[in-house]
Structures are given as structure tokens and as C-alpha cells.
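> Take this structure, written in C-alpha cells, and hold onto it; I'll ask about it next.
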Amino acid sequence: DQQVKQNSPSLSVQEGRISILNCDYTNSMFDYFLWYKKYPAEGPTFLISISSIKDKNEDGRFTVFLNKSAKHLSLHIVPSQPGDSAVYFCAANLQGAQKLVFGQGTRLTINP
Amino acid sequence: DSGVTQTPKHLITATGQRVTLRCSPRSGDLSVYWYQQSLDQGLQFLIHYYNGEERAKGNILERFSAQQFPDLHSELNLSSLELGDSALYFCASSRAGIQQFFGPGTRLTVL
Numbered sequence: 007d008q009q010v011k012q013n014s015p016s017l018s019v020q021e022g023r024i025s026i027l028n029c030d031y032t033n034s035m036f037d038y039f040l041w042y043k044k045y046p047a048e049g050p051t052f053l054i055s056i057s058s059i060k061d062k063n064e065d066g067r068f069t070v071f072l073n074k075s076a077k078h079l080s081l082h083i084v085p086s087q088p089g090d091s092a093v094y095f096c097a098a099n100l101q102g103a104q105k106l107v108f109g110q111g112t113r114l115t116i117n118p
Numbered sequence: 020d021s022g023v024t025q026t027p028k029h030l031i032t033a034t035g036q037r038v039t040l041r042c043s044p045r046s047g048d049l050s051v052y053w054y055q056q057s058l059d060q061g062l063q064f065l066i067h068y069y070n071g072e073e074r075a076k077g078n079i080l081e082r083f084s085a086q087q088f089p090d091l092h093s094e095l096n097l098s099s100l101e102l103g104d105s106a107l108y109f110c111a112s113s114r115a116g117i118q119q120f121f122g123p124g125t126r127l128t129v130l
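Heads up: the sequence lines are chains A and B, in that order.
For the numbering used here, add 6 to where a residue sits in the first sequence, where the first one is 1.
For the numbering used here, add 19 to where a residue sits in the second sequence, where the first one is 1.
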């Protein structure tokens, strides 16, 4: 039962343009959503999060949007830079369960 | 550098064997989480310890066990290993709140 889904395994974007990574979820009991970035041979690193009571959170080039009615969130990166090339994981915190549920990840490639 | 350390980085062993993966959390973090990432999959939550006590369990096999010691480091024990146990195993720690800090992982290869 995949409660958090990232339907695009990969995404290729031109440097300087906007990257949009998408994530869908099924469980209404998720109270926080997080995005992690992972380089090869490293552990995931936290990027940005959003509470389920908000619809937008911005941090520099990164913005996360949450659409609760559609059970959908997205991560926007503007402008995209070569160093953004990595695998991005969407994760959701299950209220009261103290665990994160991860999506399968999307490999983002920024082309010069 | 997240401040979470994991040893060893790589482990190659045979089916039927037993291995121990070690994790040291960030200084001051009481929570330790273990995750498994199989090829091209997301991270699957295995187990969560808080200050030495088990707090939550995910899809952890009965052949796997974990513990957190008084100095807060944690070990994940994998026994009767099968080919399908080959994966990256990540440890994460947190102090309070939702954000977890991940170690670099241990790559386990079962031959």
C-alpha cells in the first residue's frame, strides 16, 4: 500500500528554468510533509517542509505547495542550478505514529 | 555532514549469515530511526527508538532486530540473510519535531 507516490521516476530541466516535482498521498492523517534531496553515496538531506494547515512554504529558491483537497504537493525550484541534480524524496509524517512515509523518489537532472 | 554516523559503509556477506549495522545519532538527539532502501525504491521505515525504548515498528522482518544503548547509539541486527536483504540501510536521528537527519548509509550485499 503505497501511501505516498511520486509518479515521475525522472525529470530533466534546463539550467535557469523552473523544476516542478510532484507527490501524491492517500492518508488524511498525514500532518507534515517534507522534501529530502539525495546525492549518490550520501544520506538524504532535508530541504523544506510544510504543515498540513498551510498551503505554501518558501525558502529561497525552494517553494512547496500543498493542495489538501487533491492530496497533492509539489516542490518548485527556481531557478534550477546544476547542483540541484539529485534524487528528491517526498515524505509524510503520520500524526501520532512518529514515522515518515517516503515516496519512491524522482531523479532530477539539470542540463546546462 | 548531518552529524549522524553509520558503520560500516559497505558490507558483503553470504546468505544465512548475520550482520550488525551501527549508528551514532547527532549529539543530543534521543530518537533513532532505521530505514531500508532497496534498488530504486523509496525508503521503507523499519523501526524507531527513543531514549532506549522502542516507539514504533514498520515492516521489519522477524529476522531483523534493533536496540538503542544507554549512550544512544543504535544497532540493527540482520540474521539468516537472504539475497533480497541486499539494500542500503539508513539511520536517522531527531531531537524533537518532525525533521530527521540521515546518516550516509550502509550498503549491504548478500551473495
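All C-beta atoms in this analysis are idealised placements derived from N, C-alpha and C, irrespective of residue type, glycine included.
Closest to B:Phe75 by C-alpha separation, out of B:Tyr54, B:Arg45 and B:Ile31, would be which residue?
Residue identity differs from the one stated: residue 75 of chain B is Ala in this sequence, not Phe. Ranking the options by Cα distance to B:Ala75, first place goes to B:Tyr54.
> Output the residue ranges of the beta strand (DSSP E) runs that lie fully inside the segment 53-114 of chain A and measure 3 residues or longer, sorted by chain position.
If one requires a minimum length of 3 residues, the beta strand (DSSP E) runs lying completely within the segment 53-114 of chain A are 62-65, 68-73, 78-83, 92-100 and 106-108, in chain order.
> Do we get a CB-CB distance below 8 angstroms when we pair B:Ala33 with the residues of chain A?
For B:Ala33, the closest Cβ of chain A is not nearer than 8 angstroms.
> Determine the direct distance from the alpha carbon of A:Gly66 to that of A:Ser87, and round the result to whole angstroms.
The amino acid at residue 87 of chain A is misidentified as Ser; the sequence shows Gln. C-alpha separation (whole angstroms): 13 angstroms.
> When the distance is taken between beta carbons, is B:Arg82 closer than 8 angstroms to B:Ser99?
Contact: yes.
> Take A:Gln9 as the anchor and find which of A:Asn28, A:Thr32 and A:Gly22 has the nearest alpha-carbon.
A:Thr32
> Which residue from B:Glu94, B:Phe64 and B:Gln56 puts its Cα closest to that of B:Asn78?
Nearest of B:Glu94, B:Phe64 and B:Gln56 to B:Asn78, Cα basis: B:Phe64.
> Give the residues of chain B in contact with A:Gly66, contact being defined as C-beta atoms less than 7 angstroms apart.
By Cβ distance, chain B contributes nothing, its closest Cβ being about 17 angstroms from A:Gly66, past 7 angstroms.
> Between B:Leu80 and A:Leu100, what straight-line distance do the alpha-carbon atoms span, to the nearest angstrom?
21 angstroms
> To the nearest angstrom, report how far apart B:Pro27 and A:Leu17 are at their CA atoms.
Their Cα atoms are separated by approximately 32 angstroms.
> Could you tell me the alpha carbon to alpha carbon distance between A:Tyr45 and B:Gly35, rounded to whole angstroms?
Rounded to the nearest angstrom, the two C-alpha atoms are 32 angstroms apart.
> Going straight from the alpha carbon of A:Asn63 to that of B:Ala33, what length do you get?
47 angstroms
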